[in-house]
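Asker:
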Amino acid sequence: MTVSYPFPQNFLWGVATAAHQVEGNNVNSDAWLLEHLPQTMFAEPSGDAIDHYHRYREDIALLASLGFNSFRLSVEWARIEPEEGHFSKAELNHYRRVLEVCHEHGLTPVVTYHHFTSPRWLLAAGGWEDARTPELFARYCGKVTEHLGDLIGVACTLNEPNLPWLLKSFGIGGESPEQRGSVPVWAAAASTLGVGADKMAPFQFSSTEAGFDVKLAAHRAGTAAIKAWQPDLMVGWTLANSDIQSVDGGQDAAEQVRRDVNERFLEASRGDDFVGIQTYGRTVYGPDGLAPAPEGAAMNQMGEEIYPQALEATIREAARVAGIPVIVTENGLATEDDAQRVDYYKAAVDGVAACLADGIDVRGYIAWTAFDNYEWVFGYRPKFGLIAVDRATQQRTPKESALWLGGVAAGARVPVA
Ligand code: BGC
Numbered sequence: 113m114t115v116s117y118p119f120p121q122n123f124l125w126g127v128a129t130a131a132h133q134v135e136g137n138n139v140n141s142d143a144w145l146l147e148h149l150p151q152t153m154f155a156e157p158s159g160d161a162i163d164h165y166h167r168y169r170e171d172i173a174l175l176a177s178l179g180f181n182s183f184r185l186s187v188e189w190a191r192i193e194p195e196e197g198h199f200s201k202a203e204l205n206h207y208r209r210v211l212e213v214c215h216e217h218g219l220t221p222v223v224t225y226h227h228f229t230s231p232r233w234l235l236a237a238g239g240w241e242d243a244r245t246p247e248l249f250a251r252y253c254g255k256v257t258e259h260l261g262d263l264i265g266v267a268c269t270l271n272e273p274n275l276p277w278l279l280k281s282f283g284i285g286g287e288s289p290e291q292r293g294s295v296p297v298w299a300a301a302a303s304t305l306g307v308g309a310d311k312m313a314p315f316q317f318s319s320t321e322a323g324f325d326v327k328l329a330a331h332r333a334g335t336a337a338i339k340a341w342q343p344d345l346m347v348g349w350t351l352a353n354s355d356i357q358s359v360d361g362g363q364d365a366a367e368q369v370r371r372d373v374n375e376r377f378l379e380a381s382r383g384d385d386f387v388g389i390q391t392y393g394r395t396v397y398g399p400d401g402l403a404p405a406p407e408g409a410a411m412n413q414m415g416e417e418i419y420p421q422a423l424e425a426t427i428r429e430a431a432r433v434a435g436i437p438v439i440v441t442e443n444g445l446a447t448e449d450d451a452q453r454v455d456y457y458k459a460a461v462d463g464v465a466a467c468l469a470d471g472i473d474v475r476g477y478i479a480w481t482a483f484d485n486y487e488w489v490f491g492y493r494p495k496f497g498l499i500a501v502d503r504a505t506q507q508r509t510p511k512e513s514a515l516w517l518g519g520v521a522a523g524a525r526v527p528v529a
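Our numbering applies: residue 113 is where the sequence shown begins, and numbers increase by one.
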């Protein structure tokens with residue numbers, strides 16, 4: 113059966129990247145510091161990544177040739193402000209060239225101002241729990257928008273401010289400031305920076321209430337700073353949205369996590385121009401807490417059940433709770449089996465279509481991720497990319513999934529249910 117695809121004319125069809133995961137040599141960032149400590153939790157350092165910093169022209173041309181009409185990328189605070197208060201005109205101009213190339217190829221740039229990594233000096237200054245961080249972030253947002261704002265299509269302030277709470281619900285991280293001194297990597301980072309371990313609050317790892325307040329204040333101050341230069345620019349933040357479900361006996365636990373990880377962030381988004389939804393799968397609670405994946409379920413490279421239907425559920429939740437337009441700013445699958453990825457995208461795009469058919473205001477679908485890249489603590493092993501990269505030669509090779517999704521984006525192919 114052919115389904116009717118209610119995608120509006122100006123719907124954003126794109127792919128996403130994040131600076132640290134693709135550019136290479138982000139040496140002034142907190143992530144670079146953590147990757148190089150002997151006590152690191154990173155499987156390997158990011159190194160040259162896929163050298164997108166130098167290869168952006170060819171990369172952007174390739175994305176456009178596949179049929180996409182938008183590209184989500186992040187600008188790197190650690191490059192733009194490598195020391196507190198010192199802004200690099202050369203790096204701002206670098207990103208200006210990147211955005212110009214997007215426009216030359218007809219790609220609307222969806223620009224993230226902060227995608228996990230911060231300047232190393234910010235970590236030393238108390239990072240994402242310090243009361244000064246919102247104003248420092250807002251100053252950086254203002255500089256970026258002053259120099260680049262006329263070329264930005266959609267602005268995302270913070271990427272996944274709620275991730276630490278999602279990780280904590282999986283039993284990962286979540287130490288209190290007092291406990292950090294007993295975690296080798298935080299103790300080592302603190303001694304390298306010459307500050308107390310209780311101060312170690314990188315964006316992706318701090319899940320304290322102070323961290324919540326600082327991120328929300330940074331988002332609000334950042335939004336105001338962006339709007340001061342570009343009042344009409346669409347601004348929002350992007351959230352990590354698992355589809356939280358329960359089976360008998362797991363309702364209370366699921367409810368609590370849904371509240372902490374999803375709803376309070378969605379409620380805080382009210383008043384923004386949009387909220388970015390980033391969904392990879394579902395989390396199911398039973399009487400004993402997190403329930404294992406169903407017997408025989410196909411699994412991804414991260415050891416999780418493959419469950420593309422999660423996207424539709426989280427779009428509906430976001431629209432219901434936040435009551436503002438939604439952009440899918442990430443959705444994807446880590447697998448070596450690209451046919452699995454094509455099936456995943458087919459199901460996910462069907463879910464978006466169902467939301468649109470019900471009148472939900474979804475403005476775009478941006479897949480994670482353009483290229484196989486640096487998957488944070490997991491290093492280069494997980495393959496989320498639509499385009500394969502041979503890191504020895506930096507040769508790019510589009511996969512079938514890139515052709516399929518690009519084809520849908522270009523309207524060349526009508527997906528079949
Ligand atoms: C992040 C990406 C990451 C992806 C896959 C999201 O949490 O924004 O940076 O690579 O998920 O794990």
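Cβ coordinates follow ideal geometry from the N, Cα and C atoms, glycine included.
Which one of Val210, Ala299, Gln390 and Gly348 has the shortest CA to CA distance from Ala236?
Answerer: Closest option to Ala236, Cα to Cα, is Ala299.
Asker: Whole angstroms are fine: how far does the CA of Glu407 sit from the CA of Asn140?
Answerer: Roughly 45 Å between the two C-alpha positions.
Asker: Just to confirm the assignment: which complete alpha helix (DSSP H) runs, minimum length 4, are found wholly within the region 312 to 349?
Answerer: Taking only runs of at least 4 residues, the alpha helix (DSSP H) segments lying wholly in the region 312 to 349 are 321 to 341.
Asker: Terminal residues of the continuous alpha helix (DSSP H) containing Gly383?
Answerer: Neither: Gly383 is in no alpha helix (DSSP H) and is coded neither H nor E.
Asker: Select from Thr426, Glu203 and His164 the residue whose C-alpha is nearest the C-alpha of Ala482.
Answerer: Of the listed residues, the one whose Cα sits closest to Ala482 is His164.
Asker: Look at the alpha carbon of Gln413 and the alpha carbon of Trp341, and state the distance between them as a whole number of angstroms.
Answerer: Computed Cα separation, rounded: 42 Å.
Asker: Could you check if Ala313 is buried or exposed, using at least 16 other CB atoms within 10 Å of its CB as the buried criterion?
Answerer: When all chains shown are included, Ala313 counts as buried.
Asker: Can you say whether Pro273 is buried or exposed, counting buried as having 16 or more other CB atoms within 10 angstroms of its CB?
Answerer: So Pro273 ends up on the buried side.
Asker: Evaluate Asp171 with the Cβ neighbour count: other Cβ atoms within 10 Å of its Cβ, from every protein chain shown; 16 or more gives buried, anything less gives exposed.
Answerer: Buried, since its Cβ has 16 or more Cβ neighbours within 10 Å.
Asker: Around the Cβ of Glu429, are there at least 16 other Cβ atoms within 10 angstroms (buried) or fewer (exposed)?
Answerer: Buried, by the Cβ-count rule.
Asker: Measuring only from the beta carbon, is Ala130 closer than 6 Å to any heavy atom that is part of the ligand BGC?
Answerer: Yes, since a heavy atom of the ligand BGC falls inside the 6 Å radius drawn around the Cβ of Ala130.
Asker: Pick helix, strand or coil for Asp364, following the three-state DSSP scheme.
Answerer: In this structure, Asp364 counts as helix in the three-state DSSP scheme.
Asker: Under the three-state reduction of DSSP, which class applies to His198: helix, strand or coil?
Answerer: Reduced to three states, the DSSP call for His198 is strand.
Asker: For Leu178, which of Ile162, Leu219 and Pro150 has the nearest alpha-carbon?
Answerer: Selected option, being the one with the closest Cα: Leu219.
Asker: Quick one: Cα of Gly435 to Cα of Asp385, how far?
Answerer: Cα-Cα distance, rounded: 10 Å.
Asker: Taking the beta carbon of Glu135 as the centre, do at least 16 other beta carbons fall within 10 Å, making it buried, or is it exposed?
Answerer: Buried, by the Cβ-count rule.
Asker: Tell me, please, which residues DSSP counts as bridged to Asp502.
Answerer: Partner(s): Gln507.
Asker: Are Thr227 and Ser200 close, meaning C-beta to C-beta below 7 Å?
Answerer: First, the residue type needs correcting, since residue 227 is His and not Thr in the sequence shown. It is not a contact, given that the beta carbons lie outside the stated cut-off.
Asker: Considering Cα atoms alone, identify which of Val266, Glu379 and Arg394 is closest to Leu445.
Answerer: When each option's Cα is compared against that of Leu445, the closest is Arg394.
Asker: Taking DSSP as the reference, what is the three-state secondary structure of Gln291?
Answerer: If DSSP states are grouped into helix, strand and coil, Gln291 belongs with the helices.
Asker: Leaving out the 5 sequence neighbours to the left and right, which residues in its chain are closer than 6 Å to Pro510 when beta-carbon positions are compared?
Answerer: Around Pro510: Ile499.
Asker: Please report how far the alpha carbon of Leu175 lies from the alpha carbon of Glu147, in whole angstroms.
Answerer: Answer to the nearest angstrom: the Cα atoms are 29 Å apart.
Asker: Roughly how many angstroms lie between the CA atoms of Arg376 and Gln507, to the nearest whole one?
Answerer: In a straight line, the C-alpha of Arg376 is about 43 Å away from that of Gln507.
Asker: Between the Cα of Ser358 and those of Pro399, Tyr392 and Ile162, spot the shortest distance and give me the residue it belongs to.
Answerer: Considering only alpha carbons, the answer is Pro399.
Asker: Can you tell me whether Asp262 is buried or exposed, with buried defined as 16 or more other CB within 10 angstroms of its CB?
Answerer: Result: exposed.
Asker: Return the Cβ separation of Tyr276 and Ala330 in integer angstroms, given the expectation that the two are a contact with Cβ distance under 8 Å.
Answerer: Reading off the sequence, residue 276 comes out as Pro, not Tyr. Rounded, the Cβ-Cβ distance is 14 Å, inconsistent with contact.
Asker: Taking 8 Å as the limit between beta carbons, can you name the residues of its chain near Gly254, skipping five residues before and five after?
Answerer: Counting only Cβ-Cβ distances below 8 Å, and skipping sequence neighbours, we find Ala337, Ile338, Ala340 and Trp341.
Asker: So, with DSSP's three-state summary, where would you put His166?
Answerer: The answer is helix: DSSP assigns His166 an H, G or I state.
Asker: Since Val489 and Ala128 are thought to touch, with beta carbons under 8 Å apart, how far apart are those beta carbons, to the nearest angstrom?
Answerer: The pair is not a contact, with the Cβ atoms about 19 Å apart (cut-off 8 Å).
Asker: Cα separation between His259 and Arg332?
Answerer: Using only the alpha carbons, I get a separation of about 20 Å.
Asker: Got a sec? Which residues, its chain only, sit under 6 Å from Asp160 by beta carbon, not counting five neighbours each side?
Answerer: Cβ neighbours of Asp160 beyond the five flanking positions: Gly136.
Asker: What runs of the alpha helix (DSSP H), each 4 residues or longer, lie entirely inside the region 445 to 484?
Answerer: With a minimum length of 4 residues, the continuous alpha helix (DSSP H) runs that stay inside the region 445 to 484 are 450 to 469.
Asker: Which of the three DSSP states, helix, strand or coil, is assigned to Arg244?
Answerer: Looking at Arg244 - three-state DSSP - the assignment turns out to be coil, as it is neither helix nor strand.
Asker: With DSSP as the reference, identify every bridge partner of Thr395, one or two as the case may be.
Answerer: Ile356, per the DSSP bridge assignment.
Asker: Mind checking whether the beta-carbon of Asn443 lies closer than 6 Å to any heavy atom of the ligand BGC?
Answerer: Asn443: no, Cβ never under 6 Å from the ligand BGC.
Asker: Would you say Glu272 touches the ligand BGC, meaning its beta carbon is less than 6 Å from a heavy atom?
Answerer: Correct: Glu272 has its Cβ closer than 6 Å to the ligand BGC.
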